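The sequence shown begins at 26 in my numbering and counts up one residue at a time.
Reviewing the structure listed below.
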Amino acid sequence: MDPDPSPSPAANGAPSESSPAADPATLAALAELVAIVDRLRDPEAGCPWDLAQTHDSLIPYALEEAHELADAIRHGDDRHLQEELGDLLLQVVLHARLAAERGAFDLAAVAGGIGAKLVRRHPHVFNPEAERHDDPEAVRRSWEAIKAAEREEKASAAAAAAGRAGATAGGDSPSPLSDRLAEKVRGQPALAGAMTISRKAAAAGFEWEAMEGVWAKVSEEMEELRVAVASGDRAHAQAELGDVLFTLVNVARWCGLDPEEGLAGTNRRFLDRFSRVEAALGGDLAGRGIRELEGHWQAAKKRIRAERGGRDSPPQGPGLSPPPAPPPGGGRS
(Lines of atoms letter the chains of each structure in order from A and count residues from 1; the text may use other names and numbers.)
(Lines give C-alpha, C1' and ligand atoms only; values in the text may rest on other atoms or scores of the structure.)
Protein backbone atom coordinates (compact mmCIF):
# COMPACT_ATOMS: atom_id res chain seq x y z
CA MET A 1 0.00 0.00 0.00
CA ASP A 2 1.77 3.15 -1.19
CA PRO A 3 0.31 6.52 -0.15
CA ASP A 4 2.76 8.36 -2.43
CA PRO A 5 1.89 7.86 -6.11
CA SER A 6 5.19 9.42 -7.21
CA PRO A 7 6.72 8.02 -10.40
CA SER A 8 9.19 5.23 -9.82
CA PRO A 9 12.87 6.20 -9.82
CA ALA A 10 13.46 4.11 -12.94
CA ALA A 11 10.86 6.16 -14.80
CA ASN A 12 12.91 9.28 -14.08
CA GLY A 13 16.28 7.98 -15.15
CA ALA A 14 17.34 6.25 -11.93
CA PRO A 15 19.48 3.11 -12.04
CA SER A 16 17.72 0.19 -13.67
CA GLU A 17 17.70 -3.47 -12.71
CA SER A 18 20.97 -3.81 -14.60
CA SER A 19 22.66 -1.60 -12.00
CA PRO A 20 25.41 -3.34 -9.97
CA ALA A 21 23.43 -2.49 -6.82
CA ALA A 22 20.53 -4.60 -8.11
CA ASP A 23 22.48 -7.79 -8.77
CA PRO A 24 20.62 -11.06 -8.08
CA ALA A 25 22.64 -11.88 -4.95
CA THR A 26 21.76 -8.54 -3.34
CA LEU A 27 18.09 -8.84 -4.22
CA ALA A 28 17.98 -12.44 -2.98
CA ALA A 29 19.61 -11.50 0.33
CA LEU A 30 17.14 -8.65 0.85
CA ALA A 31 14.22 -10.93 0.01
CA GLU A 32 15.49 -13.50 2.51
CA LEU A 33 15.74 -10.85 5.24
CA VAL A 34 12.15 -9.75 4.55
CA ALA A 35 11.02 -13.39 4.71
CA ILE A 36 12.81 -13.89 8.04
CA VAL A 37 11.13 -10.83 9.56
CA ASP A 38 7.79 -11.99 8.19
CA ARG A 39 8.31 -15.34 9.93
CA LEU A 40 9.28 -13.66 13.20
CA ARG A 41 6.04 -11.66 13.06
CA ASP A 42 3.87 -14.65 12.13
CA PRO A 43 1.03 -14.80 14.70
CA GLU A 44 1.12 -18.61 14.80
CA ALA A 45 4.76 -19.59 14.29
CA GLY A 46 6.60 -16.37 15.11
CA CYS A 47 8.73 -15.19 18.04
CA PRO A 48 6.84 -13.95 21.14
CA TRP A 49 9.33 -11.12 21.66
CA ASP A 50 9.14 -9.89 18.06
CA LEU A 51 5.35 -10.17 18.09
CA ALA A 52 5.20 -7.99 21.19
CA GLN A 53 7.13 -5.13 19.57
CA THR A 54 5.58 -1.86 18.38
CA HIS A 55 6.99 1.20 16.65
CA ASP A 56 7.29 2.88 20.05
CA SER A 57 8.95 -0.05 21.80
CA LEU A 58 11.57 -0.25 19.04
CA ILE A 59 12.65 3.41 19.30
CA PRO A 60 15.49 2.71 21.79
CA TYR A 61 16.83 -0.06 19.56
CA ALA A 62 16.79 2.13 16.44
CA LEU A 63 18.69 4.87 18.27
CA GLU A 64 21.16 2.39 19.75
CA GLU A 65 21.87 0.83 16.35
CA ALA A 66 22.40 4.25 14.76
CA HIS A 67 24.92 5.20 17.45
CA GLU A 68 26.71 1.85 17.12
CA LEU A 69 26.92 2.40 13.37
CA ALA A 70 28.49 5.82 13.95
CA ASP A 71 30.98 4.25 16.36
CA ALA A 72 31.97 1.62 13.77
CA ILE A 73 32.52 4.37 11.19
CA ARG A 74 34.67 6.41 13.59
CA HIS A 75 36.86 3.38 14.32
CA GLY A 76 37.25 2.43 10.65
CA ASP A 77 36.27 -1.15 11.45
CA ASP A 78 34.76 -2.64 8.29
CA ARG A 79 33.64 -5.88 9.93
CA HIS A 80 31.86 -3.94 12.65
CA LEU A 81 30.48 -1.50 10.07
CA GLN A 82 28.97 -4.35 8.04
CA GLU A 83 27.36 -5.81 11.16
CA GLU A 84 25.91 -2.49 12.31
CA LEU A 85 24.55 -1.67 8.86
CA GLY A 86 22.74 -5.00 9.02
CA ASP A 87 21.32 -4.21 12.45
CA LEU A 88 20.05 -0.85 11.19
CA LEU A 89 18.62 -2.47 8.06
CA LEU A 90 16.70 -4.86 10.31
CA GLN A 91 15.10 -1.85 12.00
CA VAL A 92 13.95 -0.53 8.61
CA VAL A 93 12.49 -3.88 7.56
CA LEU A 94 10.84 -4.48 10.93
CA HIS A 95 9.21 -1.03 11.10
CA ALA A 96 7.98 -1.44 7.53
CA ARG A 97 6.48 -4.80 8.46
CA LEU A 98 4.68 -3.25 11.45
CA ALA A 99 3.32 -0.49 9.21
CA ALA A 100 2.18 -3.02 6.61
CA GLU A 101 0.29 -4.92 9.29
CA ARG A 102 -1.58 -1.69 10.06
CA GLY A 103 -2.27 -1.10 6.38
CA ALA A 104 -0.24 2.12 6.42
CA PHE A 105 2.62 1.36 4.00
CA ASP A 106 5.11 -1.40 3.21
CA LEU A 107 8.81 -1.80 2.47
CA ALA A 108 8.25 -1.24 -1.25
CA ALA A 109 6.71 2.14 -0.44
CA VAL A 110 9.67 3.02 1.78
CA ALA A 111 12.23 2.13 -0.89
CA GLY A 112 10.18 3.68 -3.69
CA GLY A 113 9.64 6.86 -1.70
CA ILE A 114 13.30 7.50 -0.95
CA GLY A 115 14.28 6.56 -4.51
CA ALA A 116 11.77 9.02 -5.95
CA LYS A 117 12.96 11.71 -3.53
CA LEU A 118 16.59 11.26 -4.56
CA VAL A 119 15.66 11.48 -8.24
CA ARG A 120 13.54 14.63 -7.66
CA ARG A 121 16.32 16.32 -5.74
CA HIS A 122 19.10 15.42 -8.18
CA PRO A 123 17.72 16.75 -11.49
CA HIS A 124 21.29 17.53 -12.57
CA VAL A 125 21.93 13.76 -12.57
CA PHE A 126 18.64 12.20 -13.65
CA ASN A 127 17.08 14.88 -15.87
CA PRO A 128 19.07 15.48 -19.07
CA GLU A 129 17.28 18.79 -19.61
CA ALA A 130 18.13 20.19 -16.17
CA GLU A 131 20.97 22.59 -15.44
CA ARG A 132 24.24 20.79 -14.69
CA HIS A 133 26.12 21.48 -11.44
CA ASP A 134 29.88 21.18 -11.25
CA ASP A 135 30.43 21.93 -7.56
CA PRO A 136 28.91 20.69 -4.26
CA GLU A 137 27.73 24.17 -3.22
CA ALA A 138 25.58 24.52 -6.33
CA VAL A 139 24.11 21.08 -5.63
CA ARG A 140 23.34 22.11 -2.06
CA ARG A 141 21.54 25.28 -3.20
CA SER A 142 19.52 23.30 -5.72
CA TRP A 143 18.63 20.69 -3.09
CA GLU A 144 17.42 23.36 -0.65
CA ALA A 145 15.36 25.09 -3.35
CA ILE A 146 13.66 21.81 -4.28
CA LYS A 147 13.01 21.06 -0.60
CA ALA A 148 11.41 24.47 -0.15
CA ALA A 149 9.17 23.92 -3.17
CA GLU A 150 8.14 20.50 -1.82
CA ARG A 151 7.30 22.03 1.57
CA GLU A 152 5.20 24.70 -0.11
CA GLU A 153 3.36 22.08 -2.14
CA LYS A 154 2.69 19.93 0.94
CA ALA A 155 1.48 22.93 2.94
CA SER A 156 -0.86 24.02 0.15
CA ALA A 157 -2.26 20.49 -0.12
CA ALA A 158 -2.78 20.32 3.65
CA ALA A 159 -4.47 23.71 3.65
CA ALA A 160 -6.78 22.67 0.84
CA ALA A 161 -7.63 19.45 2.66
CA ALA A 162 -8.49 21.48 5.74
CA GLY A 163 -10.79 23.75 3.75
CA ARG A 164 -8.32 26.59 3.52
CA ALA A 165 -7.50 26.44 -0.17
CA GLY A 166 -5.10 29.08 -1.35
CA ALA A 167 -3.03 29.23 1.83
CA THR A 168 0.69 28.98 1.21
CA ALA A 169 3.47 27.53 3.27
CA GLY A 170 3.91 29.81 6.24
CA GLY A 171 1.35 32.19 4.76
CA ASP A 172 -0.72 32.25 7.93
CA SER A 173 2.21 31.76 10.30
CA PRO A 174 4.11 34.68 11.83
CA SER A 175 7.19 32.46 12.28
CA PRO A 176 7.78 30.32 9.16
CA LEU A 177 11.48 29.61 9.86
CA SER A 178 10.78 28.64 13.47
CA ASP A 179 7.97 26.36 12.32
CA ARG A 180 10.22 24.61 9.82
CA LEU A 181 13.03 24.24 12.34
CA ALA A 182 10.70 22.83 14.99
CA GLU A 183 9.61 20.18 12.51
CA LYS A 184 13.17 19.42 11.40
CA VAL A 185 14.77 19.02 14.83
CA ARG A 186 12.00 17.06 16.52
CA GLY A 187 13.59 13.78 15.43
CA GLN A 188 17.21 14.83 16.06
CA PRO A 189 19.26 14.29 19.21
CA ALA A 190 19.42 17.49 21.25
CA LEU A 191 23.05 18.23 20.33
CA ALA A 192 22.45 17.82 16.61
CA GLY A 193 19.23 19.82 16.87
CA ALA A 194 21.08 22.68 18.56
CA MET A 195 23.57 22.79 15.69
CA THR A 196 20.77 22.76 13.12
CA ILE A 197 18.96 25.61 14.86
CA SER A 198 22.09 27.73 15.31
CA ARG A 199 23.16 27.27 11.68
CA LYS A 200 19.76 28.18 10.27
CA ALA A 201 19.30 31.13 12.64
CA ALA A 202 22.75 32.45 11.73
CA ALA A 203 22.00 32.08 8.02
CA ALA A 204 18.86 34.17 8.59
CA GLY A 205 20.96 36.94 10.16
CA PHE A 206 20.60 36.10 13.87
CA GLU A 207 24.34 35.99 14.45
CA TRP A 208 27.14 37.53 16.48
CA GLU A 209 29.39 39.98 14.67
CA ALA A 210 32.59 38.37 15.94
CA MET A 211 33.85 35.40 17.93
CA GLU A 212 34.36 37.64 20.95
CA GLY A 213 30.59 37.91 21.26
CA VAL A 214 30.26 34.15 21.41
CA TRP A 215 32.85 33.88 24.19
CA ALA A 216 31.11 36.65 26.12
CA LYS A 217 27.87 34.70 25.86
CA VAL A 218 29.61 31.57 27.19
CA SER A 219 30.83 33.52 30.24
CA GLU A 220 27.37 35.00 30.78
CA GLU A 221 25.64 31.62 30.61
CA MET A 222 28.22 29.96 32.87
CA GLU A 223 27.64 32.60 35.54
CA GLU A 224 23.88 32.15 35.28
CA LEU A 225 24.36 28.39 35.68
CA ARG A 226 26.47 28.91 38.83
CA VAL A 227 23.78 31.13 40.33
CA ALA A 228 21.01 28.68 39.44
CA VAL A 229 22.88 25.72 40.95
CA ALA A 230 23.61 27.69 44.11
CA SER A 231 19.91 28.57 44.45
CA GLY A 232 18.95 24.90 44.75
CA ASP A 233 16.27 25.32 42.08
CA ARG A 234 16.73 22.18 40.00
CA ALA A 235 14.41 23.25 37.16
CA HIS A 236 16.23 26.59 36.86
CA ALA A 237 19.63 24.89 36.91
CA GLN A 238 18.49 22.44 34.23
CA ALA A 239 17.40 25.31 31.99
CA GLU A 240 20.66 27.19 32.50
CA LEU A 241 22.67 24.05 31.78
CA GLY A 242 20.84 23.81 28.47
CA ASP A 243 21.73 27.44 27.72
CA VAL A 244 25.42 26.72 28.39
CA LEU A 245 25.38 23.69 26.10
CA PHE A 246 23.55 25.57 23.34
CA THR A 247 26.11 28.38 23.50
CA LEU A 248 28.99 25.90 23.34
CA VAL A 249 27.39 24.43 20.21
CA ASN A 250 27.64 27.93 18.72
CA VAL A 251 31.32 28.01 19.67
CA ALA A 252 31.73 24.75 17.75
CA ARG A 253 29.87 26.19 14.76
CA TRP A 254 32.07 29.28 14.65
CA CYS A 255 35.22 27.14 14.83
CA GLY A 256 34.09 24.56 12.28
CA LEU A 257 34.04 21.83 14.92
CA ASP A 258 31.63 18.95 15.42
CA PRO A 259 30.38 18.88 19.05
CA GLU A 260 29.15 15.29 18.75
CA GLU A 261 32.56 14.13 17.54
CA GLY A 262 34.25 16.19 20.24
CA LEU A 263 32.18 14.65 23.02
CA ALA A 264 32.55 11.15 21.57
CA GLY A 265 36.32 11.64 21.54
CA THR A 266 36.29 12.78 25.16
CA ASN A 267 34.30 9.68 26.13
CA ARG A 268 36.89 7.47 24.43
CA ARG A 269 39.81 9.28 26.05
CA PHE A 270 38.22 9.09 29.49
CA LEU A 271 37.60 5.35 29.16
CA ASP A 272 41.15 4.79 27.90
CA ARG A 273 42.63 6.61 30.90
CA PHE A 274 40.16 5.08 33.36
CA SER A 275 40.94 1.55 32.16
CA ARG A 276 44.64 2.22 32.81
CA VAL A 277 43.89 3.50 36.30
CA GLU A 278 41.90 0.33 37.00
CA ALA A 279 44.69 -1.84 35.62
CA ALA A 280 47.27 -0.08 37.79
CA LEU A 281 45.13 -0.77 40.87
CA GLY A 282 44.32 -4.35 40.01
CA GLY A 283 40.77 -3.50 39.02
CA ASP A 284 39.78 -2.41 42.54
CA LEU A 285 39.15 1.29 43.21
CA ALA A 286 37.25 0.78 46.46
CA GLY A 287 38.68 2.70 49.39
CA ARG A 288 41.21 4.62 47.31
CA GLY A 289 41.59 8.30 48.10
CA ILE A 290 41.10 10.95 45.45
CA ARG A 291 44.78 11.97 45.64
CA GLU A 292 45.89 8.42 44.84
CA LEU A 293 43.36 8.10 42.03
CA GLU A 294 44.37 11.47 40.59
CA GLY A 295 48.01 10.42 40.66
CA HIS A 296 47.25 7.30 38.64
CA TRP A 297 45.07 9.38 36.30
CA GLN A 298 47.89 11.81 35.54
CA ALA A 299 50.29 8.91 35.06
CA ALA A 300 47.88 7.33 32.57
CA LYS A 301 47.67 10.62 30.66
CA LYS A 302 51.46 10.82 30.45
CA ARG A 303 51.73 7.24 29.17
CA ILE A 304 49.10 7.86 26.51
CA ARG A 305 50.82 11.05 25.37
CA ALA A 306 54.16 9.25 25.17
CA GLU A 307 52.60 6.47 23.12
CA ARG A 308 51.02 8.99 20.75
CA GLY A 309 53.91 11.35 20.29
CA GLY A 310 52.84 13.95 22.84
CA ARG A 311 49.12 13.96 22.01
CA ASP A 312 46.15 12.78 24.04
CA SER A 313 44.45 11.51 20.90
CA PRO A 314 45.45 10.63 17.33
CA PRO A 315 45.93 13.55 14.89
CA GLN A 316 42.63 14.75 13.48
CA GLY A 317 43.76 16.63 10.39
CA PRO A 318 44.14 20.39 9.76
CA GLY A 319 43.42 23.13 12.27
CA LEU A 320 40.33 25.21 12.80
CA SER A 321 38.39 26.32 9.77
CA PRO A 322 35.03 27.92 9.02
CA PRO A 323 32.15 25.45 9.32
CA PRO A 324 31.60 23.67 6.00
CA ALA A 325 28.21 23.77 4.34
CA PRO A 326 26.27 20.58 5.06
CA PRO A 327 26.51 18.33 2.00
CA PRO A 328 23.44 16.99 0.26
CA GLY A 329 22.50 13.40 0.96
CA GLY A 330 22.65 11.61 4.29
CA GLY A 331 20.82 13.26 7.13
CA ARG A 332 18.54 15.38 4.98
CA SER A 333 14.80 14.98 4.79
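Where a beta carbon is used, it is the ideal one built from N, C-alpha and C, also for glycine.
These numbers were taken from a predicted model, which means no experiment stands behind them.
So, is residue i buried or exposed, given that buried needs 16 or more other C-beta atoms within 10 angstroms?
i, result
"Trp168", "buried"
"Pro153", "exposed"
"Thr51", "exposed"
"Arg278", "buried"
"Leu119", "buried"
"Leu88", "exposed"
"Thr193", "With a pLDDT of 45 at Thr193, under the threshold of 50, the modelled position of this residue cannot be trusted, and the question is left open."
"His321", "buried"
"Ser82", "exposed"
"His147", "buried"
"Ser223", "buried"
"Glu69", "exposed"
"Gly1", "Residue 1 is absent from the structure shown; the chain starts at 26 and stops at 358."
"Ala311", "exposed"
"Gly334", "exposed"
"Ala129", "exposed"
"Gly257", "exposed"
"Ala60", "exposed"
"Ala325", "buried"
"Ala180", "buried"
"Gly137", "buried"
"Ala141", "buried"
"Gly191", "Only weak support is given to the placement of Gly191: the predicted model assigns it a pLDDT of 44, under 50, and the question is left unresolved by the model."
Suppose contacts are defined by Cβ-Cβ distances below 8 Å. Is residue i in contact with residue j by that definition?
i, j, result
"Leu55", "Arg66", "no"
"Leu273", "Pro284", "yes"
"Ala289", "Arg99", "yes"
"Glu108", "Glu90", "no"
"Phe271", "Ala229", "no"
"Val269", "Glu286", "no"
"Val150", "Val135", "no"
"Ala97", "His105", "yes"
"Val254", "Ala260", "no"
So what's residue i in DSSP terms, helix, strand or just coil?
i, result
"Ser223", "helix"
"Leu250", "helix"
"Arg66", "coil"
"Gln116", "helix"
"Phe271", "helix"
"Leu82", "Rather than Leu, the amino acid found at residue 82 in this sequence is Ser. Coil."
"Trp233", "coil"
"Cys72", "coil"
"Met26", "At Met26 the pLDDT is 41, less than 50, meaning the model places this residue with poor confidence and gives no usable figure here."
"Ser203", "helix"
"Gln213", "coil"
"Pro153", "coil"
"His105", "helix"
"His100", "helix"
"Gly138", "helix"
"His147", "coil"
"Ala324", "helix"
"His92", "helix"
"Leu123", "helix"
"Asp297", "helix"
"His158", "coil"
"Arg333", "coil"
"Arg176", "helix"
Measure from the alpha carbon of residue i to the alpha carbon of each residue in the options, then state which is nearest.
i, options, result
"Asp112", "Asp131, Leu123, His92", "His92"
"Glu232", "Asn275, Ala255, Cys72", "Asn275"
"Arg122", "Ile329, Arg330, Ala136, Asp63", "Asp63"
"Glu317", "Glu303, Arg328, Ile329", "Glu303"
"Glu126", "Gln78, Ile222, Ala311", "Gln78"
"Leu114", "Asp103, Tyr86, Gly140, Asp96", "Tyr86"
"Lys225", "Phe151, His80, Glu234, Lys209", "Lys209"
"Ser175", "Arg157, Ala163, Arg205, Ala155", "The amino acid occupying residue 175 in the given sequence is Glu; Ser does not appear at that position. When only C-alpha atoms are compared, the closest one is Arg205."
"Ala235", "Cys280, Ala255, Gln323", "Cys280"
"Ala173", "Glu332, Pro201, Asp131, Gly71", "Pro201"
"Ala213", "Ala47, Ile84, Ala53, Cys72", "Note that residue 213 is Gln in the sequence shown, not Ala. Of the candidates Ala47, Ile84, Ala53, Cys72, the one whose C-alpha sits nearest the C-alpha of Gln213 is Ile84."
Can you find a C-beta in chain B that's less than 8 Å from the C-beta of residue i?
i, result
"Arg328", "Looking for chain B here will not work: only one protein chain is present."
Notebook entry, point to check: Should the stretch 246-265 be regarded as contacting the stretch 289-299, the criterion being three or more beta carbon pairs within less than 8 Å?
Noted result: no
Checklist line | At least three beta-carbon pairs within less than 8 Å, the stretch 237-244 to the stretch 170-185 | finding: no
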